[in-house]
Amino acid sequence: MKKQIIAAAVATSVSAIAMADVSITGNANYEYFSKEDTTNFKSNYSDTEINLSVKGKTGDTSVVANFEVDSHGGADTALDIEDTYITTKIGDFNIKAGNYASGTTALGGEIDQGGRATDKVDINTMIGDIKVGYAVSADSNEVYNTDSAAVYASIPVAGWTVGVKDNSDSYTITGAQGSIGGFDIRVENKDNDSSTTGDALFYNITTKVGDVTVGYAAIDADKAGTGATSDAVTEGDSAIFAQEMATDSTSSGKTGVDGVSQVMASTTVDGTTFTVKVGELRGGLSGSTQYQDAGFSQIAAKRKLASGATINVSYDDYESTVATGGVITDTQVFEIDLSIAF
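Quick note: the sequence shown uses my numbering, first residue 2, plus one each step.
Put into structure tokens, the structure is as follows:
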């Protein structure tokens, strides 16, 4: 009798699990780096990272938790709970609440760092073809800060998407994305209310020439970075630029840089995608110090393997940003990245 009760309990549990709408997806990658520069510095190191996304869904409500496990973190950082949020619907309104990153493809995403690990609430709805919304996040004391509140709208216009996001106390971002005459164009401008921060303009233009995709991308800021989180450009995790105006872990600007420009070309040959990027970080005036321009280049090859993994091999060559009269350091980094999604 006990065995029958246990069997029934197990069967019920299995049935409940099978009926639950729960999914686990993720990706993992192993990276090897070989780095050296003109100061005779040499280093070889590697990193292993695993990302897991757990999603539970019932009706129009979803709960998401994203985890990062890496080998280079210490006891307190090897496991990072990156995103925890809920999405749901109340009538015609879509709600997203919790901790999450905005991403570089969002309006202003190539200018502003995404702001993960901040309590956020986003409420939006559709009015005809127009998407309108309200977003707010909490400050370091976990108190919702009206200074971070913004209203936004996304409007389709003749095949283009026009967007605007406004914070009445801080900034207005406008942007447009679409195609014309065979050119794919994305352009966004951030108008900062603070004169010490300055405005920033980003644009990316790509087109196909035969089997080759070519493009030009740039960011132009009114003021050079000072290394502060209040700099005009704080995003440091772009998929577009090989080198960026902001690259450090706190996402503060790179000192003395007020612009970046880059040309790229990409094509696929026998299943391998080759990409070349060449550009320059433009030196500007930071305080009373003038900084020099710094060139960079990158060549990369990416291929999906029969095993299901993807290998990406890249070689970067870039100069340091230093004050006029200073000695520029030239750095080369060779990287092998083996990744898999599941």
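Note that beta-carbon positions come from the ideal geometry of N, C-alpha and C, so glycine has one too.
Just verifying my parser: in three-state terms, what is the DSSP assignment at residue i?
i           : result
residue 54  : strand
residue 231 : coil
residue 7   : Only weak support is given to the placement of residue 7: the predicted model assigns it a pLDDT of 48, under 50, and the value that follows is read from those uncertain coordinates. Helix, per DSSP.
residue 195 : coil
residue 155 : strand
residue 149 : helix
residue 343 : coil
residue 247 : coil
residue 330 : coil
residue 325 : coil
residue 112 : coil
residue 92  : coil
Below 8 angstroms between beta carbons: does that hold for residue i and residue j?
i           : j           : result
residue 280 : residue 264 : yes
residue 290 : residue 324 : yes
residue 247 : residue 254 : yes
residue 153 : residue 80  : no
residue 277 : residue 220 : no
residue 335 : residue 319 : no
residue 71  : residue 100 : no
residue 67  : residue 341 : no
residue 98  : residue 115 : no
residue 193 : residue 175 : no
residue 268 : residue 212 : yes
residue 225 : residue 201 : no
residue 322 : residue 284 : yes
I need the boundaries of the beta strand (DSSP E) containing residue i, first residue and last residue.
i           : result
residue 41  : From DSSP, residue 41 is part of no beta strand (DSSP E); its letter is neither H nor E.
residue 202 : 201-210
residue 346 : Nothing about residue 346 can be reported from this structure: the residues present for the chain run from 2 to 343 only.
residue 136 : 131-138
residue 241 : First-last for residue 241: undefined, no H or E at that position.
residue 123 : 120-128
residue 166 : 161-168
Provide the residue(s) that pair with residue i in DSSP beta bridges, ordered along the chain.
i           : result
residue 336 : 34, 315
residue 87  : 64, 98
residue 214 : 209, 267
- Message: Which complete beta strand (DSSP E) runs does the stretch 270-311 hold, if anything under 3 residues is left out?
- Response: 273-284, 295-305
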